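Chemist:
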Amino acid sequence: MNATQMNRMSNATGPLLEIRDLHVGFQTQDGLVPAVRGVNFTINHGETVAIVGESGSGKSTTAHAIINLLPGSGRVTQGEVLFEGRDLTKLKRSEIEDVRGKLIGLVPQDPMSNLNPVWSIGFQVEEAIRANGIASGRKEVKEHAIRVLKEAGLDDAETRLKQFPHQFSGGMRQRVLIGIGLSSTPKLLIADEPTSALDVTVQKRILDHLATLTRDSGTAMLFITHDLGLAADRAEKLIVMYKGRIVESGPSRQILQDPQHPYTQRLVAAAPSLASRRIQISGGHLDSIEHEVPKGSEDIDLIAAGEARTHSVATTAEPAIVVDKLTKVFKIRGGKAGSREITAVDNVSFSIPRGTTMALVGESGSGKSTVARMLLKLETVTSGSIRIGGTDIAKLNRRELFSLRGKMQPVFQDPYGSLDPLRSIAATIAEPLVTHDVGTAAERKARVRELLEQVSLPETLMGRYPNELSGGQRQRVAIARALALKPEIVILDEAVSALDVLVQAQILNLLAELQSELGLTYLFITHDLAVVRVIADTVAVMSKGRIVESATTDEVFGNPRQAYTRELLNAIPGADLTLGA
Amino acid sequence: MSSNTPGGKPTHYVAPIEETPLVEIDSVKVRTDEKPSNLWRDAWRDLRGRPLFWLSSALILLIAIVALFPGLFTQVDPNSGCLLANSNGGPTSGHPLGFTKQGCDIYSRIIHGTSTSVAVGFIVILITTTLGLVAGAVSGFYGGWLDAVISRVGDIFFSIPYILAAVVVMSVLSAYRSVWVISLAIGLFAWPVVARVLRSEILRVKASDFVMAAEALGVSRFKILVRHVLPNSIAPVIVITTISLASAIVAEATLSFLGVGLPTSTMSWGNDISAAQVDLRTAPQTLILPSIALSITVFAFITLGEVLRDALDPKARAQR
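Chains as they are written, first to last, in numbering that gives the first Met the number 0: chain A, 0 to 580; chain L, 0 to 319.
Okay, structure coming up:
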């Protein structure tokens with residue numbers, strides 16, 4: 000038996016992928032910036048391993064380094080990537096192209112930009128099949144393409160082949176990409192945040208399907224995600240990455256129940272899906288939940304945020320907002336039939352008691368943001384009424400509307416777009432005061448200081464500009480601006496959705512604190528039911544412009560009446576986890 | 000320190016905490032030792048380090064001084080005292096660049112012609128930016144039928160090459176030729192460029208959340224435009240304006256060369272180049288010298304425009 004045969008023998012039993020002391024750096028004008036610093040892990044045949052981390056943790060870089068697809072100036076500076084005993088980092092370009100697709104498939108993150116809009120779906124699937132040499136000859140390739148799409152869970156695959164990406168929904172596109180990734184039955188599939196751009200119910204269906212496919216074909220999977228609950232749901236083994244290093248790894252359940260590293264402890268405390276499950280298990284009795292809070296980072300504990308909220312609830316409060324039969328119809332011009340009407344919001348009614356939080360939950364296109372814009376009078380109302388503090392806002396004259404704006408303020412989703420890049424932080428926070436002519440210049444300055452303190456930002460930021468701040472810091476500034484006029488109502492339109500999980504937890508805690516301190520009423524608009532469990536007193540679930548269910552949070556989570564609500568609840572990751580609590 | 004034995008059951012691995020210390024969450028430390036930075040401050044910092052910026056600025060400053068105070072540079076009168084005996088003559092003492100066909104001092108004519116070119120350039124950009132800013136801002140920000148009307152009018156003006164249009168206008172107005180009329184003729188057909196650029200920038204900025212936030216505060220539409228939208232969309236207009244100043248100077252020279260520009264009595268590089276063309280073979284310097292003056296001026300403004308473009312485009316900066 001010669002050496003190569005020996006090698007093959009050991010491959011059959013050895014790990015599929017072994018990464019040894021991997022270092023990746025990016026060349027910048029300031030020199031080599033390390034992104035991955037000494038990572039070791041193994042993936043066995045047929046095993047699913049998840050890498051969890053925040054943005055900048057190096058999780059995607061690690062995955063891309065495996066198949067040598069590092070963007071731009073990135074390169075592997077040290078270490079080995081052994082795939083069946085072969086070091087992939089040492090391969091030539093032509094050799095690595097043979098590995099990509101054929102042996103290691105990739106499902107990319109964004110289904111919207113990863114299909115070429117000018118080619119048909121069929122062309123792109125067939126291209127992948129030809130490139131990997133799975134089949135040749137027109138007929139054979141086409142047959143294979145149909146099979147791939149069928150396996151990916153697309154009905155009517157034959158006609159779908161002729162269609163173009165814009166005719167597909169996000170979920171369908173991701174199915175196509177999964178189909179392409181699995182088309183050559185690779186030994187390893189790398190799924191880089193495959194569902195983070197999709198609605199939760201679609202996410203669940205896609206991941207279920209992906210799990211079935213990989214199990215059936217015995218494909219191992221490396222699953223990259225920022226959601227600890229999702230990772231634990233989908234993988235036997237977890238790898239937690241932080242600042243380019245692995246801080247903890249091991250069996251999923253064990254890590255979730257007994258996190259050892261302080262960073263993992265932070266993640267467990269801050270993951271909305273896990274907190275939501277915990278509250279669920281406790282039956283809504285937050286005080287009874289036993290859980291460890293990592294020392295020194297109490298402000299990210301979501302259970303604590305929930306507790307802060309429950310203490311502030313006044314049950315007999317009169318409503319701050321009453322919405323009655325609100326409807327919004329958009330006229331869309333164009334097309335042969337002339338103008339078309341779309342009912343974005345359909346007969347929506349709800350009321351929010353003063354000092355409480357109502358969550359308006361829905362998937363993309365459900366009309367939830369349109370409701371918010373109508374409340375803020377940024378959009379006209381087609382029919383129905385909105386009463387704020389007892390007055391119908393449709394009947395307000397200019398002056399009354401102006402004073403209403405001071406009582407109700409929004410915080411938007413995108414922390415990078417919601418602050419004027421050319422105005423200093425102090426000027427941004429003071430703008431409401433200037434616009435409403437409150438106080439003298441000195442008083443305004445004092446108020447800005449006070450607000451910065453309320454949102455836990457240092458005073459030194461006053462002369463700074465938004466581009467110097469992180470996403471979380473910007474969102475704090477946006478909150479401070481919203482609070483400047485001492486409003487009674489704050490409308491939070493996906494206000495934490497764009498933030499990393501730890502930062503998100505911090506902001507949720509801050510919001511809960513501010514609510515109990517200032518007696519604020521929140522309308523919390525989100526697609527994430529897990530966050531709702533923590534922050535909201537009442538929930539209204541929207542679908543296709545209508546409210547399908549609305550009740551207290553405990554009721555909706557404990558006893559959902561509508562199939563759609565149940566589907567949403569089931570889609571929260573971490574469903575079958577039995578935690579130590 | 001493999002976390003896992005090959006083939007076996009995965010073991011629970013925890014990195015030593017000393018090796019992986021925790022950093023405070025959300026800790027983009029704002030460095031207080033550095034000056035605050037935004038687009039304009041960053042652009043200035045960027046410009047300061049570019050030799051081309053200093054070169055073009057110095058040239059423009061020099062050109063401006065020459066235009067305003069030609070007396071500082073020459074005492075020779077460019078018009079009177081021309082002796083036909085000196086026609087197309089070479090340099091002599093006191094006349095470093097020689098003489099034109101009419102026997103006038105070339106150096107003096109170039110110095111005194113500067114103000115004409117620079118004046119036309121500035122009057123044109125005054126017209127184009129005023130018209131362009133108003134048209135672009137109104138159509139971009141307020142939209143609706145105003146946008147439709149303004150954009151179509153702009154398209155009509157845009158579809159006519161402005162040199163051709165200016166030739167027609169100047170021929171019709173041949174009795175009234177002056178610096179003002181020629182500037183008006185050029186500016187009237189050059190503003191749609193500014194309007195278009197500003198309009199598309201405004202459309203981009205208008206969709207920002209910070210505009211919505213200002214609206215929700217009750218800031219008036221006009222104040223939103225002036226305080227938030229215009230400052231964030233003006234950078235490309237500044238770049239375009241600098242470059243179009245150079246093209247306006249070229250346009251004036253072209254029109255004068257074609258004989259439909261300034262009256263021959265007005266001192267201008269274009270007129271001198273035009274007058275010198277018949278003697279191109281016998282006395283090339285009479286044509287080349289004013290051309291060089293024109294080229295240096297155009298070079299200065301175009302270069303300034305280019306460095307401004309680089310400095311004001313954050314995407315380009317991020318790639319460096």
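Built from N, CA and C at the ideal position, the CB exists for glycine as well.
On a predicted model such as this, the values are computed, not experimentally measured, just so you know.
Hey, quick one: how far does the alpha helix (DSSP H) through His-63(A) stretch, first residue to last?
Modeler: As a first step, residue 63(A) must be located in the first sequence, where it is residue number 64. It spans 58-65 - the alpha helix (DSSP H) in which His-63(A) sits, taken as one unbroken run.
Chemist: Give a yes or no on whether the minimum CB-CB distance between Ala-14(L) and chain A is below 7 Å.
Modeler: Counted from its first residue, the second sequence places residue 14(L) at position 15. Chain A, which has a Cβ nearer than 7 Å to the Cβ of Ala-14(L), makes this yes.
Chemist: Have a look at Pro-414(A) and Asp-499(A) and give me their C-alpha separation to the nearest angstrom.
Modeler: Locating residue 414(A) in the first sequence gives position 415, counting from the first residue. Locating residue 499(A) in the first sequence gives position 500, counting from the first residue. Whole-angstrom Cα-Cα distance: 12 Å.
Chemist: Determine the DSSP secondary structure at Pro-33(A), reduced to helix, strand or coil.
Modeler: If you number the first sequence from 1, residue 33(A) lands on position 34. Note: Pro-33(A) maps to strand in three-state DSSP.
Chemist: At the 7 Å Cβ level, is Thr-218(A) part of the contact set with chain L, yes or no?
Modeler: Taking the first sequence and counting its residues from 1, the one referred to as residue 218(A) is at position 219. It does not: the Cβ of Thr-218(A) has no partner Cβ on chain L nearer than 7 Å.
Chemist: For Tyr-106(L), name the three-state secondary structure that DSSP assigns.
Modeler: Along the second sequence, one-based indexing puts residue 106(L) at 107. Note: Tyr-106(L) maps to helix in three-state DSSP.
Chemist: Is Glu-247(A) closer than 7 Å to Val-13(L) when the C-beta atoms are compared?
Modeler: By one-based count along the second sequence, residue 13(L) stands at place 14. By one-based count along the first sequence, residue 247(A) stands at place 248. Yes, the Cβ-Cβ distance between Val-13(L) and Glu-247(A) is below 7 Å.
Chemist: Under 7 Å, CB to CB, which of the residues in the region 214-228 of chain L have a partner in chain A?
Modeler: Listed by position, the residues of the region 214-228 of chain L near chain A (Cβ gap below 7 Å) are Glu-214, Ala-215, Leu-216, Gly-217, Val-218, His-227.
Chemist: Please determine whether the Cβ atom of Arg-203(L) lies at a distance below 6 Å from any heavy atom of the ligand MG.
Modeler: For the structure depicted, the ligand MG is absent and the ligand set is empty, with no information on it obtainable.
Chemist: Indicate whether at least one CB of chain A lies closer than 7 Å to the CB of Leu-187(L).
Modeler: Here residue 187(L) corresponds to residue number 188 of the second sequence, with the count starting at 1. Chain A, which has no Cβ nearer than 7 Å to the Cβ of Leu-187(L), makes this no.
Chemist: In chain order, what are the residue ranges of uninterrupted beta strand (DSSP E) at least 3 long that sit wholly in the region 380-409 of chain A?
Modeler: With a minimum length of 3 residues, the continuous beta strand (DSSP E) runs that stay inside the region 380-409 of chain A are 382-387.
Chemist: Going straight from the alpha carbon of Glu-399(A) to that of Ala-371(A), what length do you get?
Modeler: Your numbering for residue 399(A) matches position 400 in the first sequence. Your numbering for residue 371(A) matches position 372 in the first sequence. Spanning the two alpha carbons is a distance of roughly 19 Å.
Chemist: With 7 Å as the threshold, decide whether the Cβ of Leu-90(A) is near any Cβ in chain L.
Modeler: The sequence position of residue 90(A) within the first sequence is 91, counting from 1. It does not: the Cβ of Leu-90(A) has no partner Cβ on chain L nearer than 7 Å.
Chemist: For the region 500-547 of chain A, list the alpha helix (DSSP H) runs that are entirely contained and at least 4 residues long, ordered along the chain.
Modeler: The qualifying runs are 500-517, 528-534.
Chemist: List in chain order: all unbroken alpha helix (DSSP H) runs of 4+ residues lying wholly within the region 239-297 of chain L.
Modeler: For the region 239-297 of chain L, whole alpha helix (DSSP H) runs of length 4 or above, ordered along the chain, are 268-275.
Chemist: Can you tell me whether Val-117(A) is helix, strand or coil according to DSSP?
Modeler: Reading the first sequence from its first residue, position 118 is the one you call residue 117(A). Here Val-117(A) sits in coil by DSSP.
Chemist: Chain L partners of Ile-299(A), CB-CB under 7 Å?
Modeler: One-based indexing of the first sequence puts residue 299(A) at position 300. Correct list: Ile-24.
Chemist: Which residue wins for smallest C-alpha separation from Leu-181(A), given the options Lys-161(A), Leu-209(A), Val-201(A), Arg-172(A)?
Modeler: Within the first sequence, numbered from 1, the residue matching residue 181(A) stands at position 182. Closest option to Leu-181(A), Cα to Cα, is Leu-209(A).
Chemist: Quick one: which residues of the region 60-90 of chain L get their C-beta closer than 8 Å to a C-beta of chain A? List them in chain order.
Modeler: Result list empty, no residue passes.
Chemist: So, is Gly-48(L) buried or exposed, given that buried needs 16 or more other C-beta atoms within 10 angstroms?
Modeler: Counted from its first residue, the second sequence places residue 48(L) at position 49. By the 10 Å Cβ count, Gly-48(L) comes out exposed.
Chemist: Excluding five sequence neighbours on each side, which residues of the same chain lie with their C-beta closer than 7 Å to the C-beta of Ile-133(A)?
Modeler: The sequence position of residue 133(A) within the first sequence is 134, counting from 1. Same-chain partners within the cutoff: His-143, Ser-182, Ser-183.
Chemist: With C-beta atoms as the reference, is Arg-463(A) less than 7 Å away from Ile-278(A)?
Modeler: The residue labelled residue 463(A) in the question sits at position 464 within the first sequence. The residue labelled residue 278(A) in the question sits at position 279 within the first sequence. Cβ atoms of Arg-463(A) and Ile-278(A): not closer than 7 Å.
Chemist: Does Leu-15(A) get closer than 7 Å to chain L when you measure Cβ to Cβ?
Modeler: For the purposes of this step, residue 15(A) is identified with residue 16 of the first sequence, where counting begins at 1. For Leu-15(A), the answer is no, since every Cβ of chain L falls outside 7 Å of its Cβ.
Chemist: Considering Val-447(A), what are the terminal residues of the alpha helix (DSSP H) in which it resides?
Modeler: Taking the first residue of the first sequence as 1, we reach residue 447(A) at position 448. Taken as a continuous stretch (DSSP letters only), the alpha helix (DSSP H) holding Val-447(A) covers 440-453.
Chemist: Taking Cβ positions only, does Tyr-521(A) come closer than 7 Å to chain L?
Modeler: Mapped onto the first sequence, residue 521(A) falls at position 522. Closer than 7 Å: no.
Chemist: Would you list the one or two residues that DSSP bridges to Gln-26(A)?
Modeler: By 1-based counting over the first sequence, the position of residue 26(A) is 27. BP columns for Gln-26(A) point to Leu-31(A).
Chemist: With DSSP run on the structure shown, which of helix, strand or coil describes Tyr-141(L)?
Modeler: Here residue 141(L) is taken as the residue at index 142 of the second sequence, counted from 1. The answer is helix: DSSP assigns Tyr-141(L) an H, G or I state.
Chemist: To test your reading of the DSSP string, which unbroken beta strand (DSSP E) runs of 3 or more residues are found completely within the region 349-382 of chain A?
Modeler: As far as the region 349-382 of chain A is concerned, its whole beta strand (DSSP E) runs of at least 3 residues are 356-360.
Chemist: Could you tell me which uninterrupted alpha helix (DSSP H) segments, each at least 4 residues in length, are contained entirely in the region 20-106 of chain L, listed from first to last along the chain?
Modeler: Entirely contained in the region 20-106 of chain L, the alpha helix (DSSP H) runs reaching 4 residues are, in chain order, 38-47, 50-67.
Chemist: Can Gly-178(A) and Val-147(A) be called in contact, C-beta distance under 7 Å?
Modeler: In the first sequence, counting from the first residue as 1, residue 178(A) sits at position 179. In the first sequence, counting from the first residue as 1, residue 147(A) sits at position 148. Their beta carbons are under 7 Å apart, which means Gly-178(A) touches Val-147(A) by this criterion.
Chemist: Between the region 441-475 of chain A and chain L, which residues of the former have CB atoms less than 7 Å from a CB of the latter, in chain order?
Modeler: Answer set for the region 441-475 of chain A: Thr-459, Leu-460, Gly-462, Arg-463, Tyr-464, Asn-466, Glu-467, Leu-468, Ser-469, Gly-471, Gln-472.
Chemist: Determine the DSSP secondary structure at Ala-206(L), reduced to helix, strand or coil.
Modeler: In the second sequence, counting from the first residue as 1, residue 206(L) sits at position 207. Of the three classes helix, strand and coil, the one that applies to Ala-206(L) here is coil, per DSSP.
Chemist: Looking at the unbroken beta strand (DSSP E) that takes in Tyr-241(A), where does it start and where does it end?
Modeler: If you number the first sequence from 1, residue 241(A) lands on position 242. First-last of the beta strand (DSSP E) with Tyr-241(A): 236-241.
Chemist: Can you pull the chain A neighbours of Ser-207(L), defined as C-beta to C-beta under 7 Å?
Modeler: For the purposes of this step, residue 207(L) is identified with residue 208 of the second sequence, where counting begins at 1. Under the 7 Å cutoff, chain A gives Gly-416.
Chemist: If you draw a straight line from the C-alpha of Gly-228(A) to the C-alpha of Val-22(L), how long is it?
Modeler: What you label residue 228(A) is simply residue 229 of the first sequence in a count that begins at 1. What you label residue 22(L) is simply residue 23 of the second sequence in a count that begins at 1. Cα to Cα, Gly-228(A) sits roughly 23 Å from Val-22(L).
Chemist: DSSP three-state call for Thr-47(A): helix, strand or coil?
Modeler: For the purposes of this step, residue 47(A) is taken as the residue at position 48 of the first sequence. It is a strand residue.
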